[in-house]
């Protein structure tokens, strides 16, 4: 079952979140669903920092590394609200989608894909607004595919303005790497000339 199908099955859960009290605890799966990020992303936030505050219960006489983790709904709401953005480039920076290497461009990312119009990319799933996310979620001919930015920019896009953002990111990274390589090469050349 695809991620979109799973989310569609749980569409009633979205309504329930508004009725849950702020001090209610949610397990990792529900926290992931509420925030719209993967369980693995939450685990990375717990390991590396920057994510929502969480509660970790220590199990007596256990040396296991993965103890039971829960989140308070109010902490999830606060963390989510601190990540509101004004445009897609700001969203890319907030969501960690600022790329610095070729490897970053080759990692799989979630992109919305329309099967209705000949499999065209709609947008990066992490940079769409909540309203558009919900709308796309209800579309039967739309799915999420995990592909690299490199693959995405060579696919057909529904909206040229959405594509240009990723084109510019791709070109900027390539140019920056080219300049960095040129600078490193010049340093070696200068060392040879100066006898260092």
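Residue numbers (our numbering): 1280 to 1475.
We treat Cβ as the ideally placed atom computed from N, Cα and C, and that holds for glycine.
- Linking residue 1440 to residue 1447 through their CA atoms gives a straight-line distance of about 11 angstroms.
- A distance below 9 angstroms separates the beta carbons of residue 1336 and residue 1349.
- Within the same chain, 1399, 1400, 1442 come within 7 angstroms of residue 1436 by CB-CB distance, once the 5 residues on both sides are set aside.
- Of 1381, 1332, 1307, 1362, the smallest CA-CA separation from residue 1457 is found for 1381.
- For a cut-off of 8 angstroms, the C-beta gap from residue 1387 to residue 1432 is around 14 angstroms, too long to register as a contact.
- In the DSSP assignment, residue 1446 falls outside any beta strand (DSSP E) and lies within the alpha helix (DSSP H) extending over 1439-1473.
- One Cα belongs to residue 1307, the other to residue 1298, and the distance between them is close to 19 angstroms.
- Buried is the label assigned to residue 1444, since at least 16 other Cβ atoms lie within 10 Å of its Cβ.
- For residue 1422, the enclosing beta strand (DSSP E) begins and ends at 1421-1426.
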